[in-house]
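Let me begin by presenting the structure, written as structure tokens, before commenting on it.
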Amino acid sequence: MSDPVPLRWTEWRPLEPGLCVTPASLAEIVDGGQSFRWWPRAEGSWIGQWSEHVIELRSHPGTTLEWRCPADQDDLIRDALPRYLGLDQRHVAAMRALPWRSDPHLRRAMDAFPGLRLLRQPFGETLLTFLCSATKQIVQIKQMVTLLAQRLGRPVSTCHSISDTLPGGLGWRLPTWEELANVSEVRLRDCLLGFRARYIRETAVFLASHPDWLEETRRLPYVDAKARLCELPGVGEKVADCVLLFGGGKDEAFPVDVWILKAMARRYGLEKWSPQHVAHFGRVHFGAYAGLAQQFLFAFERAAARAR
DNA sequence: TGACAGGGGGTGT
DNA sequence: ACACCCCCTGTC
1 MSDPVPLRWT EWRPLEPGLC VTPASLAEIV DGGQSFRWWP RAEGSWIGQW
51 SEHVIELRSH PGTTLEWRCP ADQDDLIRDA LPRYLGLDQR HVAAMRALPW
101 RSDPHLRRAM DAFPGLRLLR QPFGETLLTF LCSATKQIVQ IKQMVTLLAQ
151 RLGRPVSTCH SISDTLPGGL GWRLPTWEEL ANVSEVRLRD CLLGFRARYI
201 RETAVFLASH PDWLEETRRL PYVDAKARLC ELPGVGEKVA DCVLLFGGGK
251 DEAFPVDVWI LKAMARRYGL EKWSPQHVAH FGRVHFGAYA GLAQQFLFAF
301 ERAAARAR
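Heads up: the first sequence is residues 1 to 308, going by the numbering used here.
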């Protein structure tokens with residue numbers, strides 16, 4: 001038996017293009033309800049994963065974010081990271097286009113979370129994690145996602161020597177939909193999924209018999225893609241909007257959960273409006289980048305609730 | 001330290 | 001409007 005090869009991490013280096021965020025904004029980006037595979041390490045530092053990419057981020061006040069990753073993944077992640085973090089002109093255009101000049105509450109929320117942005121996650125993984133999300137809080141969703149990766153996913157080859165030392169099942173990939181099609185509902189329930197296990201099982205079986213369905217859906221315009229996603233068991237309007245916004249690059253999606261429903265009632269006078277009507281209002285009022293506005297409002301409202 | 005009640009970022013009927 | 005499922009949190 002040979003000794004396990006110790007995993008080498010790269011040096012810390014600044015992100016390119018740069019990204020200045022407060023610790024609160026960074027926490028909100030990686031652990032504010034878009035993704036469920038990031039864990040806090042030291043002060044202001046987070047370790048997380050998407051697909052097989054494992055990475056650590058840290059922020060120093062006033063400077064750009066720094067990152068490092070397993071040395072074997074360096075080239076892979078260097079290419080993929082800017083897209084994952086949305087370090088591109090689209091985000092710049094979105095910040096310009098949002099109606100903060102005429103909307104004081106939006107402006108206040110944007111000022112409170114400098115650098116907050118949308119993640120661009122893999123479509124299939126986003127669908128899986130948001131199928132877990134119904135009536136669950138972030139902590140619980142993270143728990144389910146951890147178990148899914150640890151028990152049903154494949155180990156990431158570059159991390160096999162240290163997977164035990166990583167938090168939250170990092171070092172394991174989430175199971176693919178293809179792999180999930182062969183997992184029984186009982187085994188899914190063991191991952192704390194509850195009634196969501198049946199949804200995930202049925203979705204997996206459907207996707208297994210329609211191999212191109214997901215990718216075709218991703219390429220559709222927003223309205224058509226949303227209608228298709230809503231055909232899946234366990235996917236309603238809210239989950240569909242989250243999948244399209246956080247994993248499908250559809251900037252106009254405006255997910256309305258109970259937080260946003262309350263926030264819009266309170267801040268925009270939409271008392272007694274249905275989620276559907278609030279979603280429509282959001283897309284009309286905030287425009288082509290409504291989803292980014294939603295993210296700021298969401299972050300602001302959670303912070304306000306914590307302060308109470 | 002442990003038991004208990006309340007509530008939860010939604011969907012489907 | 002209610003069931004689905006059960007884990008987390010706060011409280012005593």
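Glycine residues also receive a C-beta, built at the ideal position from the N, C-alpha and C atoms.
CA-CA distance, Glu-216 to Asp-224, rounds to 11 angstroms. Shown here for Gln-121: same chain residues with a beta carbon closer than 8 angstroms to its own, the five before and five after excluded, namely Gln-34, Ser-35, Trp-50, Tyr-84, Phe-246 and Gly-247 in chain order. With a cutoff of 9 angstroms on beta-carbon distance, Gly-115 and Thr-22 are scored as near each other. Boundaries around Val-145 are those of the alpha helix (DSSP H), 138-147, since no beta strand (DSSP E) includes it.
In this structure, Glu-301 sits near Ile-260, with a CB-CB distance shorter than 9 angstroms.
For Ala-27, the closest alpha carbon among the candidates Trp-38, Pro-17, Pro-167 and Gly-18 is that of Trp-38. In the structure shown, the three-state DSSP call for Glu-66 is strand. Taking the Cα positions, Thr-126 is about 6 angstroms away from Val-243. In this structure the segment 255-270 does not touch the segment 136-156; the number of beta carbon pairs closer than 8 angstroms is below three.
CA-CA distance, Lys-250 to Leu-147, rounds to 29 angstroms. Looking at the DSSP output, His-53 bridges to Trp-50.
As DSSP reads the structure, Arg-58 sits in a beta bridge with Ser-45 and Glu-66. In the DSSP annotation of this structure, the continuous segment of the beta strand (DSSP E) that includes Pro-40 starts and ends at 38-40. Ranked by how close their Cα comes to the Cα of Glu-237, the residues Leu-207, His-210, Ser-274 and Cys-20 have Ser-274 in first place. Judged by DSSP secondary structure, Tyr-222 falls within the alpha helix (DSSP H) whose first and last residues are 222-229.
Using a Cβ-Cβ distance cut-off of 8 angstroms, the segment 129-137 and the segment 100-116 are not in contact, since fewer than three pairs of beta carbons, one from each stretch, lie closer than that value.
Around the Cβ of Thr-203, a 10 Å sphere holds 16 or more other Cβ atoms; the residue is buried.
Within the DSSP bridge table, the entry for Arg-13 names Trp-67 as partners. The three-state secondary structure of Cys-20, taken from DSSP, is strand.
Gly-18 is classed as exposed because its beta carbon has fewer than 16 other beta carbons within 10 Å across all chains shown. Beta-bridge pairing by DSSP links Trp-177 to no other residue. Around the CB of Gly-124, 16 or more other CB atoms lie within 10 Å, so the residue is classed as buried. Ranking Ala-24, Ala-97 and Gln-140 by CA distance to the CA of Gly-287 puts Ala-97 first. When the Cα atoms are used, Trp-177 and Ser-102 turn out to be separated by approximately 44 angstroms. Between Glu-52 and Arg-218 the beta-carbon gap is near 20 angstroms, outside 8 angstroms, which marks them as no contact. Annotated as proximal: Ala-253 and Tyr-222, with beta-carbon spacing under 9 angstroms. Residues of the same chain with a CB within less than 7 angstroms of the CB of Glu-179, apart from the 5 flanking positions on each side, are Leu-152 in chain order.
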